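A.B. asks:
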Amino acid sequence: MPTTMGKLFRRPELEAAVAAHPKVFREKLRGMNQPLVRAMRPYALEADYSYSLSEFKTFAADPRPLAEVNLSVDWVTKFGLKVEQCDTNDDGMISPNERKPRAGIATATADDSRGKK
Amino acid sequence: MGGELSQLKDADKPGGAKHVLYFDRRFVSALELELDLRSIPGETARAFDTAQQKVGATEFLPTPEGLAILICESGHLLWIPKENVQNALGDAAKIYAQPERFDLAALRRFDSAHKGWLTDDERHATRRDAVCQQEIQAALESSARTSLAQNGPQWETIFADADANHDGKAVPPSGT
Numbered sequence: 001m002p003t004t005m006g007k008l009f010r011r012p013e014l015e016a017a018v019a020a021h022p023k024v025f026r027e028k029l030r031g032m033n034q035p036l037v038r039a040m041r042p043y044a045l046e047a048d049y050s051y052s053l054s055e056f057k058t059f060a061a062d063p064r065p066l067a068e069v070n071l072s073v074d075w076v077t078k079f080g081l082k083v084e085q086c087d088t089n090d091d092g093m094i095s096p097n098e099r100k101p102r103a104g105i106a107t108a109t110a111d112d113s114r115g116k117k
Numbered sequence: 118m119g120g121e122l123s124q125l126k127d128a129d130k131p132g133g134a135k136h137v138l139y140f141d142r143r144f145v146s147a148l149e150l151e152l153d154l155r156s157i158p159g160e161t162a163r164a165f166d167t168a169q170q171k172v173g174a175t176e177f178l179p180t181p182e183g184l185a186i187l188i189c190e191s192g193h194l195l196w197i198p199k200e201n202v203q204n205a206l207g208d209a210a211k212i213y214a215q216p217e218r219f220d221l222a223a224l225r226r227f228d229s230a231h232k233g234w235l236t237d238d239e240r241h242a243t244r245r246d247a248v249c250q251q252e253i254q255a256a257l258e259s260s261a262r263t264s265l266a267q268n269g270p271q272w273e274t275i276f277a278d279a280d281a282n283h284d285g286k287a288v289p290p291s292g293t
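Note that the protein sequences, when read in sequence, are chains S and W.
For the first sequence, the working numbering assigns the number 1 to the initial residue and increments by one for each residue that follows.
For the second sequence, the working numbering assigns the number 118 to the initial residue and increments by one for each residue that follows.
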């Protein structure tokens, strides 16, 4: 194992890691219906769409499927967003309608551009 | 029976129409059940088989008293009593053994009728219950710690293998 580890860039490296180990990630990816790089946002704490070893292990150790994490409201607070602004109907989930950008509110979707060069 | 997602494709195969996936709140992976249609009239069974080949032509409604299945086009309503459903789920859970969800204990006490899921009101109650939320967070962290202790070295190897350049810089995306 190398002494220096970089980051897993979205498509070439992250998806390769998942594709090379389907049994390891099968449960994590169950029910996911969006690109992996987008679904992984809750774990990209450095907001650069690349994943350090620490971020990758946080993702892997989370007992919840990735689809469930994306629906949950809890992760938005890690990015300075308020739950009540993202989960407007207070049902504990962020629905597709609630993901749509709204004026004056940096929603999870509106924030997709971060990390893009 | 089994819990593999790949078996969803089996619905296209002969006999696959009788196999349904049940998303039990206790587990992450669905349980697969096989419907026994021998006790219903042949015409109804054929209507069910036909409906199962069309998206949205059958509707499944779990209730506290049992499982209702509506064949939309013909209007037939099939009913499976709670006892039968629970016996089948128990058998399926033994065949496809998996650990219970990390948050099950914290949420179970809000399931007033012990029906196996939470209503909207019950779910709201869990979100407003500070003790429940603390329990869930603690269980989540505990589960993650355990998993990390068991699998951390494997994940480090996977990461190292995928991080091809080891230079700390992002590889230019190809085909994006």
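Backbone N, C-alpha and C define an ideal beta-carbon position, used for all residues, glycine too.
Predicted model, so just to flag it, every value in this text is computed and none were measured.
(1) Rounded to whole angstroms, what is the Cα-Cα separation between F276 (chain W) and L224 (chain W)?
(2) Note down, in chain order, every chain W residue with its Cβ under 8 Å from the Cβ of E27 (chain S).
(3) Which same chain residues, not among the five before or five after L235 (chain W), have their C-beta less than 8 Å away from its C-beta?
(4) What would DSSP say about P63 (chain S), mapped onto helix, strand or coil?
(5) Taking the alpha carbon of F177 (chain W) as the point to measure from, which residue in W:L195, W:A164, W:Q170 and W:R163 has its own alpha carbon closest?
(6) Under 9 Å between beta-carbons, which chain S residues line up against G207 (chain W)? List them in chain order, please.
(7) Could you tell me how far apart the beta carbons of S260 (chain W) and P63 (chain S) are, in whole angstroms, since I believe they sit closer than 8 Å?
(8) Quick one: list the residues of chain W neighbouring P153 (chain S), beta-carbon separation under 7 Å, in chain order.
(9) Out of curiosity, what's the CA-to-CA distance linking P216 (chain W) and F144 (chain W)?
(10) Per the DSSP calculation, V137 (chain W) is bridged to which residue(s)?
(11) Rounded to whole angstroms, what is the Cα-Cα separation between K135 (chain W) and L53 (chain S)?
(12) May I have the straight-line CA-CA distance separating R155 (chain W) from N33 (chain S), to the nearest angstrom?
(13) Drop a sphere of 10 angstroms on the beta-carbon of V172 (chain W), count the other beta-carbons inside from all chains shown, and report buried for 16 or more, exposed for fewer.
(14) Can you pull out the residues from the stretch 253–264 of chain W whose beta carbon lies closer than 9 Å to at least one beta carbon of chain S?
(15) Would you check if there are 3 or more beta carbon pairs closer than 8 Å linking the stretch 56–71 of chain S to the stretch 19–37 of chain S?
(16) Of the choices W:F165, W:A185, W:D220 and W:R245, whose alpha-carbon is the least far from that of K199 (chain W)?
(17) Report the rounded CA-to-CA distance for K232 (chain W) versus E13 (chain S), giving the unit in angstroms.
(18) DSSP state of W196 (chain W), grouped into three classes?
C.D. replies: Looking at the coordinates:
(1) F276 (chain W) and L224 (chain W): Cα-Cα distance of roughly 34 Å.
(2) Residues of chain W passing the Cβ test: V145 and S146.
(3) Apart from the 5 residues on each side of it in sequence, L235 (chain W) sits with its Cβ closer than 8 Å to the Cβ of R142, L224, F227, D228 and T243 in its chain, given in chain order.
(4) Coil at P63 (chain S), not helix or strand.
(5) It is W:L195.
(6) Going along chain S, no residue has its Cβ under 9 Å from G207 (chain W), so there is no contact; the nearest lies around 22 Å.
(7) 4 Å between Cβ atoms; contact.
(8) Nothing can be reported for residue 153 (chain S): it is not among the residues displayed for chain S, which extend from 1 to 117.
(9) The straight-line gap from Cα to Cα measures roughly 7 Å.
(10) According to DSSP, which records beta bridges pairwise, V137 (chain W) is partnered with W:L150.
(11) If you take the alpha carbons of K135 (chain W) and L53 (chain S), they lie about 44 Å apart.
(12) Approximately 36 Å, taken between the alpha carbons.
(13) V172 (chain W) counts as exposed, since fewer than 16 other beta carbons sit within 10 angstroms of its beta carbon.
(14) Per Cβ criterion, the list reads Q254, A256, L257, S260, A261, R262, T263 and S264.
(15) A contact exists between the stretch 56–71 of chain S and the stretch 19–37 of chain S.
(16) For K199 (chain W), the nearest C-alpha among the options comes from W:A185.
(17) Going by the C-alpha atoms only, they are around 44 Å apart.
(18) Three-state DSSP puts W196 (chain W) in a strand.
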